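Below is one structure, written out as structure tokens, with a few remarks after it.
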Amino acid sequence: KANLEEVDQILSDSLSYTRTLIAELSPAILYELGLVPALKWLGQQMERHGLRVHVQHANQAIQLSEDQGIFVFQAVRELLFNIIKHSGVNEATVSLAHHAGQEFQVLVQDAGKGFQSSPNLPDYSQPGKFGLFSIRERSEALGGHFYIESAPGKGTRAALVLPLQPDPQSILSNEDSKKIPISLNQSAQGQSRKKVVRILLVDDHAMIREGIRTLLESHEDILIVGEAKNGEEALEVTKRVFPDVVVMDVNMPKINGIEATRSLTKEHPSVRVIGLSVHEDKEVEKLLLEAGAAMYVTKGSVAKQLVDAIRYVVTPIS
Numbered sequence: 273k274a275n276l277e278e279v280d281q282i283l284s285d286s287l288s289y290t291r292t293l294i295a296e297l298s299p300a301i302l303y304e305l306g307l308v309p310a311l312k313w314l315g316q317q318m319e320r321h322g323l324r325v326h327v328q329h330a331n332q333a334i335q336l337s338e339d340q341g342i343f344v345f346q347a348v349r350e351l352l353f354n355i356i357k358h359s360g361v362n363e364a365t366v367s368l369a370h371h372a373g374q375e376f377q378v379l380v381q382d383a384g385k386g387f388q389s390s391p392n393l394p395d396y397s398q399p400g401k402f403g404l405f406s407i408r409e410r411s412e413a414l415g416g417h418f419y420i421e422s423a424p425g426k427g428t429r430a431a432l433v434l435p436l437q438p439d440p441q442s443i444l445s446n447e448d449s450k451k452i453p454i455s456l457n458q459s460a461q462g463q464s465r466k467k468v469v470r471i472l473l474v475d476d477h478a479m480i481r482e483g484i485r486t487l488l489e490s491h492e493d494i495l496i497v498g499e500a501k502n503g504e505e506a507l508e509v510t511k512r513v514f515p516d517v518v519v520m521d522v523n524m525p526k527i528n529g530i531e532a533t534r535s536l537t538k539e540h541p542s543v544r545v546i547g548l549s550v551h552e553d554k555e556v557e558k559l560l561l562e563a564g565a566a567m568y569v570t571k572g573s574v575a576k577q578l579v580d581a582i583r584y585v586v587t588p589i590s
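If you read the sequence shown in this note's numbering, its first letter stands for residue 273, the second for the next number, and so on.
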């Protein structure tokens with residue numbers, strides 16, 4: 273029993289951490305990719321928790337206001353987390369559709385355990401969760417509605433319907449061709465760009481690296497030149513790709529971030545290291561800075577502080 277409780281706690285912690293990271297990154301991802309590609313990205317993150325997500329949409333532009341787009345992303349995110357925790361299945365479908373050009377509908381469906389439907393929504397809210405009641409309240413505030421159809425053993429179908437109220441400056445379309453990641457479009461933009469900062473990402477979690485990459489690649493003066501999953505690999509990759517800045521996780525296998533920072537700054541004194549840690553810890557910060565790191569950022573503040581930190585550490589001191 274103790275082992276099962278421990279496993280359940282590990283799963284809960286993992287889901288909570290993933291939820292927090294995606295919540296931090298979602299606005300940047302929506303701005304960079306658009307709603308449909310952002311939902312596909314979200315589906316990829318869910319695969320790391322054993323849920324395969326199929327995103328279905330008509331081949332037409334989806335124009336929503338900024339508030340609507342962010343809300344749709346958050347609602348789908350929470351519905352998928354609920355499927356992971358409660359449905360007992362490993363597949364879900366997210367469908368997007370227009371109704372007579374007046375309404376936008378999102379369906380999130382699974383063929384899992386289901387539950388007895390009632391006018392009162394089941395609410396799986398816990399600290400950090402968006403919650404089904406919150407989804408309904410937010411949808412009504414935006415002029416739409418939210419409902420769930422379910423039955424024991426019959427799966428669950430959640431529908432979110434919003435009126436189409438496109439913002440004149442909406443950035444939430446699904447025109448993928450206009451949203452080419454910077455790292456894949458260097459030749460077209462290189463001449464017009466100022467000094468580009470070359471970044472190496474080092475973290476043992478692929479999802480974290482991918483999320484940070486997505487965040488950073490929305491900035492034209494930042495280029496991801498490589499990734500590494502531990503300190504040992506970081507030292508090897510640095511020799512090959514010549515980064516200006518290494519964004520380094522503290523807790524990693526083989527060689528941890530502090531030891532890797534010490535070796536890297538000794539071998540490559542011109543390279544700046546920004547340390548990352550899940551929790552704010554003054555002792556860890558002290559050890560990182562003593563090892564040669566230029567700055568220390570917690571993962572919870574990555575979306576707000578990392579870009580500024582990168583620009584700060586490469587700015588010449590006048």
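Beta carbons are placed, not taken as given, at the ideal position from N, Cα and C, and that holds for glycine.
Quantities reported herein were computed from a predicted structural model and do not represent experimental measurements.
Could you have a look at residue i and say whether DSSP puts it in helix, strand or coil?
| i | result |
| --- | --- |
| residue 527 | coil |
| residue 435 | strand |
| residue 585 | helix |
| residue 381 | strand |
| residue 465 | Below a pLDDT of 50, predicted positions are generally treated as unreliable, and residue 465, at 40, falls in that range; no measurement from the model is reported. |
| residue 446 | With a pLDDT of only 45 at residue 446, under the threshold of 50, the placement of this residue in the model should not be trusted, and no figure is reported. |
| residue 580 | helix |
| residue 418 | strand |
| residue 374 | coil |
| residue 575 | helix |
| residue 505 | helix |
| residue 513 | helix |
| residue 566 | coil |
| residue 363 | strand |
| residue 430 | strand |
| residue 423 | coil |
| residue 522 | coil |
| residue 535 | helix |
If residue i sits next to residue j, beta carbons under 8 Å apart, how far is it from one beta carbon to the other, in whole angstroms?
| i | j | result |
| --- | --- | --- |
| residue 545 | residue 537 | 6 Å |
| residue 559 | residue 530 | 5 Å |
| residue 378 | residue 352 | Not really, about 12 Å apart at Cβ, beyond 8 Å. |
| residue 431 | residue 369 | With 8 Å as the limit, residue 431 and residue 369 do not qualify as a contact, their Cβ atoms being about 10 Å apart. |
| residue 574 | residue 484 | 6 Å |
| residue 520 | residue 579 | Between residue 579 and residue 520 the Cβ distance is about 16 Å, and since that is not below 8 Å, they are no contact. |
In terms of residue numbering, what span does the alpha helix (DSSP H) encompassing residue i cover?
| i | result |
| --- | --- |
| residue 348 | 338-358 |
| residue 548 | Premise fails: residue 548 lies in the beta strand (DSSP E), 544-549, not in any alpha helix (DSSP H). |
| residue 316 | 307-319 |
| residue 405 | 404-413 |
I'd like the list of long-range same chain contacts for residue i, defined as Cβ closer than 6 Å, with 5 residues on each side in sequence excluded.
| i | result |
| --- | --- |
| residue 428 | 382, 386, 422 |
| residue 563 | 530, 533, 534 |
| residue 398 | Residue placement at residue 398 is poorly supported in this model, since its pLDDT is 41, which falls under 50; the coordinates still yield a value, given next. Same-chain partners within the cutoff: there are none. |
| residue 327 | 311, 312, 315, 366 |
Among the candidates the options, whose CA atom is the shortest distance from the CA of residue i?
| i | options | result |
| --- | --- | --- |
| residue 426 | 384, 315, 495 | 384 |
| residue 346 | 469, 410, 370, 521 | 410 |
| residue 552 | 540, 567, 582 | 567 |
| residue 388 | 432, 369, 481, 424 | 424 |
| residue 518 | 370, 525, 488, 432 | 488 |
| residue 340 | 403, 375, 357 | 375 |
| residue 320 | 528, 479, 510 | 479 |
| residue 355 | 380, 408, 336 | 380 |
| residue 507 | 539, 362, 576 | 539 |
| residue 499 | 361, 471, 486 | 471 |
| residue 588 | 516, 574, 575 | 516 |
| residue 417 | 317, 343, 358, 473 | 343 |
| residue 336 | 491, 357, 306, 362 | 306 |
| residue 554 | 360, 542, 541, 569 | 569 |
| residue 541 | 527, 511, 528 | 511 |
By the DSSP assignment, the beta strand (DSSP E) with residue i in it spans what residues?
| i | result |
| --- | --- |
| residue 473 | 469-474 |
| residue 495 | 494-500 |
| residue 483 | Premise fails: residue 483 lies in the alpha helix (DSSP H), 478-488, not in any beta strand (DSSP E). |
| residue 327 | 324-329 |
Cutting at 7 Å between CB atoms, please list the residues of its own chain near residue i, excluding the five before and the five after it.
| i | result |
| --- | --- |
| residue 525 | 476, 502 |
| residue 364 | 323, 325, 352, 355, 380, 381, 382 |
| residue 556 | 522, 549 |
| residue 509 | 472, 498, 500 |
Does the CB of residue i have a neighbour CB from chain D at under 8 Å?
| i | result |
| --- | --- |
| residue 351 | This model lacks chain D altogether; it includes just one protein chain. |
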